[in-house]
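Protein chains in written order, with my numbering: chain S, 6 to 240; chain F, 3 to 242. Please read the structure below before turning to the comments.
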Amino acid sequence: MSDLIINNLTKSYRVNNDPYPVLKGISCTTDCSAITVILGKSGCGKTTLLRLISGLEEPDAGTIKYPANINIGMMFQEARLMPWLTCEKNITFGLPPNYDKEKIRALLTTVGLTNFAHAYPGELSGGMQQRTALARTLARDSNLILMDEPFAALDYFTRQIMQKEVLKIKAASHTGIIFVTHNIDEALLLADRILILKDGNITSDITIACQGQRDILTARFIDLKRQILAALQIK
Amino acid sequence: MVIFLVWYLAAKLGLWSTYVLPSPGHVWDAALNMLVKGELLSALAISFRRICIGFGCSVLLAFLFSFLFVLHPGIRTNLDGLFNMLRHIPPISLIPLLILWFGIGETPKIIVIVMASFFPILLNIDAGLAGCDKKLLEVGQVLGFSKSRQLQSIMLPYALPHILVGMRIGLGYSLRAIIGAEMVAAANGLGYLILDSQAMSRSDKVIVGILFIGILGLLIDGVFSLVIKHLVPYSQEIGK
Ligand SMILES: Nc1ncnc2c1ncn2[C@@H]1O[C@H](COP(=O)(O)OP(=O)(O)O)[C@@H](O)[C@H]1O
Ligand SMILES: [Mg+2]
Numbered sequence: 006m007s008d009l010i011i012n013n014l015t016k017s018y019r020v021n022n023d024p025y026p027v028l029k030g031i032s033c034t035t036d037c038s039a040i041t042v043i044l045g046k047s048g049c050g051k052t053t054l055l056r057l058i059s060g061l062e063e064p065d066a067g068t069i070k071y072p073a074n075i076n077i078g079m080m081f082q083e084a085r086l087m088p089w090l091t092c093e094k095n096i097t098f099g100l101p102p103n104y105d106k107e108k109i110r111a112l113l114t115t116v117g118l119t120n121f122a123h124a125y126p127g128e129l130s131g132g133m134q135q136r137t138a139l140a141r142t143l144a145r146d147s148n149l150i151l152m153d154e155p156f157a158a159l160d161y162f163t164r165q166i167m168q169k170e171v172l173k174i175k176a177a178s179h180t181g182i183i184f185v186t187h188n189i190d191e192a193l194l195l196a197d198r199i200l201i202l203k204d205g206n207i208t209s210d211i212t213i214a215c216q217g218q219r220d221i222l223t224a225r226f227i228d229l230k231r232q233i234l235a236a237l238q239i240k
Numbered sequence: 003m004v005i006f007l008v009w010y011l012a013a014k015l016g017l018w019s020t021y022v023l024p025s026p027g028h029v030w031d032a033a034l035n036m037l038v039k040g041e042l043l044s045a046l047a048i049s050f051r052r053i054c055i056g057f058g059c060s061v062l063l064a065f066l067f068s069f070l071f072v073l074h075p076g077i078r079t080n081l082d083g084l085f086n087m088l089r090h091i092p093p094i095s096l097i098p099l100l101i102l103w104f105g106i107g108e109t110p111k112i113i114v115i116v117m118a119s120f121f122p123i124l125l126n127i128d129a130g131l132a133g134c135d136k137k138l139l140e141v142g143q144v145l146g147f148s149k150s151r152q153l154q155s156i157m158l159p160y161a162l163p164h165i166l167v168g169m170r171i172g173l174g175y176s177l178r179a180i181i182g183a184e185m186v187a188a189a190n191g192l193g194y195l196i197l198d199s200q201a202m203s204r205s206d207k208v209i210v211g212i213l214f215i216g217i218l219g220l221l222i223d224g225v226f227s228l229v230i231k232h233l234v235p236y237s238q239e240i241g242k
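So, in structure tokens, the structure goes:
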């Protein structure tokens, strides 16, 4: 019932006037209350798939069936902040005027930007901009959040904090997340389920049942990592 | 400064008659005299008022049309040819016709200003809106924004620096146009003052008038760049 059903989705772009197929008939059903990670090498079509799900792009063929009352939020690969708005105003961008001020204050604390609430994007570092974008995505009550390599540009430590935050959000609100990454460790840390995208198709489907804190340095996760590397055919 | 010195020396040496080239002191006295009698300020006020009204109309019209162009692209296609032709007509050339239609009241002058400043403003607003970052528009799209909401919340603020530049150019054109119009068909204003002074062989007053046009231009432009600085604290940001 809270499933997103993707059926035989194909998409090609035109490159030099020739059709260039990116997605070649993807079908899958994802649980919209879990974290589904789409993992694949760069250029394999991860962004394209997310853009199709968000409705920013039309598929050539195939269908996407959304659960009832779906409210999709999206965090892009880049921060995409409005340069004329302060950090805080960016977070509340598009919210109705009677938004919950307390919630925004809490979000600012969460992403560690309380002291920069009134700074413009141009005055923020790349990581801070990305955190602002995360807060903007979380500020609205989406029940499915699409995240496109949101932490790829962050340093190791900030990335860890943000990843923990994603897990916390999911635990607290059962918001579904479709998380795109090319980082296997990140996938192992976050995913309830990992879908590997390769050559325009989903080639592996790995479910990770694991409650609570994960340690991806344990034998089980190292084993999973080997399995994924093999699936991606990286030696 | 150098110009001033050359002027002073040239006048002092009597290279030309004082009718052709009055000395700076002479012009200064004339300016003071005109200020005291109030003719300078009233001429200034009249021209300024015309600019404000004409420029205001231009801005309103330019916004109206550029919004229509964005929200209904069909309208743009229909008006493109007409606007492209009108754009090339020097506004002053309309004056005979305008006088015939509207008499010598304020209307022809306002129309001349509108003709002069509408197009640069429109073109800049339009270019600013069209140049909006697609990636930012997608942010709005994901939030479910309607076209007009996109326009209001993303395109307009994004284009603001562009829009202000267009308005600044338009304001400059307004000033030129109204002086021209006043020299051809008016009984008051700075342009008329200059022409009238010439008719009375008062070249000192002519120079005062010309200098005051420059000063008026500087003033308007100065105020405007202050407004721009105030409104666009992030201006370095856009267009990077
Ligand atoms: N708008 C576009 N026009 C043409 N080709 C595109 C476009 N967007 C993406 N592509 C191509 O489609 C492929 C998949 O892109 P993308 O989905 O962005 O990959 P990923 O996000 O996995 O790195 C790439 O080879 C890219 O060059
Ligand atoms: Mg991508």
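For each residue, glycine too, the CB sits at the ideal point set by N, CA and C.
**OP:** Figure out for me which residue from G50/S, S147/S, E63/S, A140/S has the closest Cα to the Cα of L86/S.
**Re:** A140/S
Original post:
Within the chosen definition, does the stretch 109 to 117 of chain S reach the stretch 81 to 98 of chain S through at least 3 CB pairs nearer than 8 Å?
Top reply: yes
Subject >> Euclidean distance between Cα positions of E63/S and L229/S >> reply: 34 Å
Original post:
Looking only at DSSP bridge pairs, what is K137/F linked to?
Top reply: DSSP lists no partner for K137/F.
**OP:** Could you round the C-beta distance between I201/S and I213/S to whole angstroms and report it? I think they count as a contact, below 8 Å.
**Re:** About 13 Å separates the two Cβ atoms, so there is no contact after all.
Subject >> Uninterrupted beta strand (DSSP E) stretches inside the stretch 52 to 126 of chain F (no shorter than 3 residues) >> reply: none
Original post:
Are E191/S and Q168/S close, meaning C-beta to C-beta below 8 Å?
Top reply: yes
**OP:** Select from P72/S, A157/S, D36/S the residue whose C-alpha is nearest the C-alpha of S47/S.
**Re:** A157/S
Original post:
How would you write the range of the beta strand (DSSP E) that R19/S sits in, first residue to last?
Top reply: 8 to 20
Subject >> C215/S (DSSP reduced to helix, strand or coil) >> reply: coil
Subject >> Every unbroken beta strand (DSSP E) inside the stretch 167 to 240 of chain S [3 residues or more] >> reply: 181 to 186, 198 to 203, 206 to 212
Original post:
Alpha carbon to alpha carbon, what distance is there between V114/F and A179/F?
Top reply: 7 Å
Original post:
Beta-carbon separation of I97/F and L177/F under 8 Å?
Top reply: no
Subject >> Amino acids of chain S, ordered along the chain, whose beta-carbon sits closer than 9 Å to that of P110/F >> reply: Neighbours of P110/F on chain S: none; closest Cβ ~39 Å, over 9 Å.
**OP:** Name the residue from L158/F, G16/F, I212/F whose alpha carbon lies nearest to the alpha carbon of G182/F.
**Re:** I212/F
Subject >> Of the residues G142/F, V141/F, A132/F, the one placed nearest P75/F, counting alpha carbons only >> reply: A132/F
Original post:
Cβ of G191/F within 8 Å of Cβ of V116/F?
Top reply: no
Original post:
What is the residue span of the alpha helix (DSSP H) that V186/F lies within?
Top reply: 158 to 186
**OP:** List the endpoints of the continuous beta strand (DSSP E) containing M202/F.
**Re:** Careful: M202/F lies outside any beta strand (DSSP E) and carries neither H nor E.
Subject >> Rounded Cβ spacing between N159/S and G132/S (contact assumed at less than 8 Å) >> reply: Reading the sequence as shown, one finds Leu at residue 159/S and not Asn. With 8 Å as the limit, L159/S and G132/S qualify as a contact, their Cβ atoms being about 5 Å apart.
Subject >> The beta strand (DSSP E) enclosing Q3/F, as first and last residue numbers >> reply: Before going further, note that residue 3/F is Met rather than Gln in the sequence given. Looking at the DSSP string, M3/F is not in any beta strand (DSSP E), and its letter there is neither H nor E.
**OP:** Using only the heavy atoms of ligand 2, determine whether one of them is closer than 7 Å to the beta carbon of D153/S.
**Re:** yes
Original post:
Hey, which residues come within less than 5 Å of ligand 1, measuring from Cβ to any heavy atom, in chain order?
Top reply: Y18/S, V27/S, S47/S, G48/S, C49/S, G50/S, K51/S, T52/S, T53/S
Original post:
Between L237/S and chain F, is there a C-beta pair that is closer than 8 Å?
Top reply: no
Original post:
Quick one: does V144/F have its CB under 8 Å from some CB of chain S?
Top reply: yes
**OP:** Say whether chain F places a C-beta atom closer than 8 Å to the C-beta of E93/S.
**Re:** no
Original post:
With I127/F and F65/F assumed to form a contact (beta carbons below 8 Å), what rounded beta-carbon distance in angstroms separates them?
Top reply: 7 Å
**OP:** Using 7 Å as the cut-off, classify the Cβ of Q82/S as near or not near the heavy atoms of ligand 2, replying yes or no.
**Re:** yes
Subject >> Identified DSSP bridge partners for Y25/S >> reply: Y18/S
**OP:** List the endpoints of the continuous beta strand (DSSP E) containing G78/S.
**Re:** 77 to 80
Subject >> Cβ neighbours of K14/F in the same chain (closer than 8 Å, five flanking residues each side left out) >> reply: S25
Original post:
Which whole-angstrom value describes the C-beta separation of A129/F and H164/F, a residue pair presumed to lie in contact below a C-beta threshold of 8 Å?
Top reply: 6 Å
**OP:** Only counting runs of 4 or more residues, tell me where the alpha helix (DSSP H) segments fall wholly within the stretch 52 to 137 of chain S, in order along the chain.
**Re:** 92 to 96, 106 to 115
**OP:** Check each candidate in S59/S, L14/S, R225/S and name the one with the smallest Cα separation from N76/S.
**Re:** S59/S
Original post:
For L125/F, which option in I222/F, L88/F, W18/F, M185/F has the closest C-alpha, if you only look at C-alpha atoms?
Top reply: L88/F
Subject >> Positions along the stretch 99 to 112 of chain S whose CB lies within less than 7 Å of some CB in chain F >> reply: G99
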